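Report on one structure; see the data block that follows.
Numbering (my numbering), first residue to last: 8 to 533.
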């Protein structure tokens, strides 16, 4: 093996380490599917799953030839899931040989949860990290697009402005919780000429004062032009009612893929709002080939006016995107569209594939029957439609990882059919916190026994006393006790964490998580 050229050895090791079976959700039959997801953010260059990093650390010790190859692969994609990993990695890059290690880093994802006391540490250390990595092409902060339910925890809206100085960035994901557009505008302005894909909150012309909890107007400057941006994911953190459209903020002449995500925790979005968002980029929407929308609210089919408005919103969305070939959304139409509304079926001349997001608490059989009822309606107005897949509502956030269906040439005829999705086709996005939870056996084995399963478990005596006193006391007594506790324990107040404190906290938990989660001296071998 030592005599193999480095190029051949790199291919062999990458093939072994990027085996997707290490991070897919296994099916009962053990079968696997293949294919690339329809949207690039589903695999934002974090191909190394939760099991891949420990495997790299084992193989890196085989010989010097393997070390020289694997150290590049190990540092190619960095996913930090604990705040303590950040200062450890920076400390390693500041040490001997750190410049070479930093040059290997191509992708960084900061997806850790942290308290407000870590804010300064987060900003300072992440700025140092970005300054030392000259070849970073992919950056994700917060990763809401990877974790739409906030499984990774909150990251403060404070972003290091040094992001704007990374001229090598091509893919950017800034969807941490509650990042307001005034914070993003200078960063996006500086990177607009190089970005190919962007995941960001839906821009709004105001920010929110954290102390006063009120909106502060923001003057919308000249729209930012993104000449190379082909893939855009918009994450709506809250429903926005504003006089500004997306075109007031951005110009997207190369846009091909648009993915709109609803606010975390919301079940659906009004279709009228979705039509407004798509209509806000009317000129740029004409080139969109793939459109993914969150589940929309179903109209009351007993009301002709509501059904008519619902169908009209769909007509507006489809009419704005004449080049559309793939659509993912929930489509709720009455079985007899013509007789209910007097309107002809929805029409689109080029649409080929539709992924229909199923209803809320309905069974898979009922949802399948509903799609089968809608399919003939869609076929009448969509001559190119050939495939309609049903995406289960509870797994809608995994839909971007479904195998992409090959789109047919325009001249090839198509026959629409309902295609079922096998359970093994759903898989967590690579590098996401959900993948980390499913793939890492250590995350759920922190050394604590479940109180419900442990028959010998008894709460500590001081806990019992505290609980009984708290239950029997009045609100005034409880407030007085809390005040006394705060005065007698000043260390309970939020204090800014230092690098040494964060590293110490992280190292103290390594015995539960395992060495595969360390980014620092354990990864930087001599």
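Glycine included, every Cβ here is placed at the ideal spot set by N, Cα and C.
Here the structure is a predicted model, which is why all the values come from computation and not from measurement.
Item	Value
For the pair the region 171 to 181 and the region 118 to 134, tell me if three or more CB-CB distances fall below 8 Å.	no
Could you pull out every residue in the same chain whose Cβ sits closer than 6 Å to the Cβ of residue 194, ignoring the five residues on either side in sequence?	170, 171
Give me the Cα-Cα distance between residue 239 and residue 393, rounded to the nearest whole angstrom.	26 Å
So for residue 72, helix, strand or coil by DSSP?	helix
With H, G and I counted as helix, E and B as strand and the rest as coil, what does DSSP make of residue 276?	strand
Between the Cα of residue 141 and those of 109, 166, 322, spot the shortest distance and give me the residue it belongs to.	109
Which term fits residue 147, buried or exposed, when burial requires 16 or more other beta carbons within 10 angstroms of its beta carbon?	buried
Looking at the structure shown, is residue 337 part of a helix, part of a strand, or coil, going by DSSP?	coil
In or out: residue 7 buried (at least 16 other Cβ within 10 Å) or exposed?	Residue 7 lies beyond the stretch modelled for the chain, which goes from 8 to 533, so this question has no answer here.
When you compare only the Cα positions, how much space is there between residue 509 and residue 88?	13 Å
Could you tell me which of 143, 237, 112, 255 sits nearest to residue 297, measuring between CA atoms?	237
Determine which residues share a DSSP beta bridge with residue 240 and list them.	206, 266
Between which two residues does the alpha helix (DSSP H) holding residue 138 run?	126 to 138
Please state if the CB of residue 198 and the CB of residue 176 are separated by a distance shorter than 7 Å.	yes
What residues are listed by DSSP as bridge partners for residue 257?	231
Starting from residue 143, trace the alpha helix (DSSP H) both ways and give me its first and last residue.	Where residue 143 is concerned, there is no enclosing alpha helix (DSSP H), given that its DSSP letter is neither H nor E.
By the three-class DSSP mapping on this structure, what secondary structure does residue 355 have?	coil
How about residue 285 and residue 324: do their beta carbons lie closer than 7 Å?	yes
As a quick exercise: from 329, 129, 260, 397, pick the residue whose alpha carbon is nearest that of residue 389.	329
Express the C-alpha separation of residue 382 and residue 322 in angstroms, rounding to a whole number.	17 Å
How is the beta strand (DSSP E) around residue 299 delimited, first residue to last?	297 to 299
When the Cα atoms are used, what is the spatial distance from residue 66 to residue 94?	25 Å
Can you look up residue 147 in the DSSP assignment and give me helix, strand or coil?	strand
Exposed or buried, which one is residue 243 when buried takes at least 16 other CB atoms within 10 Å?	buried
Would you please state the rounded distance, in angstroms, between the beta carbons of residue 230 and residue 256? I believe it to be under 8 Å.	6 Å
Quick check on this structure: which residue in 209, 266, 504, 86 has the alpha carbon closest to the alpha carbon of residue 113?	86
Going by beta carbon distance, what residues of the same chain come within less than 6 Å of residue 470, once the five residues before and after it are set aside?	Unreliable positioning characterises residue 470 in this predicted model, as indicated by a pLDDT of 37, which lies under 50. The coordinate reading is nonetheless provided below. Hits under 6 Å: none found.
For the beta strand (DSSP E) that residue 194 lies in, which residues bound it at each end?	Run containing residue 194: none in the beta strand (DSSP E); it sits in the alpha helix (DSSP H), 188 to 198.
Helix, strand or coil for residue 318 per DSSP?	helix
Select from 352, 326, 302 the residue whose C-alpha is nearest the C-alpha of residue 335.	302
Who are the Cβ neighbours of residue 201 in its own chain at under 8 Å, not counting the five residues just before and after it?	174, 175, 176, 177, 235
Do you know how far the Cα of residue 391 is from the Cα of residue 96?	51 Å
At what residues does the alpha helix (DSSP H) containing residue 110 begin and finish?	105 to 111
Helix, strand or coil for residue 391 per DSSP?	coil
Which residue comes first and which comes last in the alpha helix (DSSP H) that contains residue 97?	92 to 101
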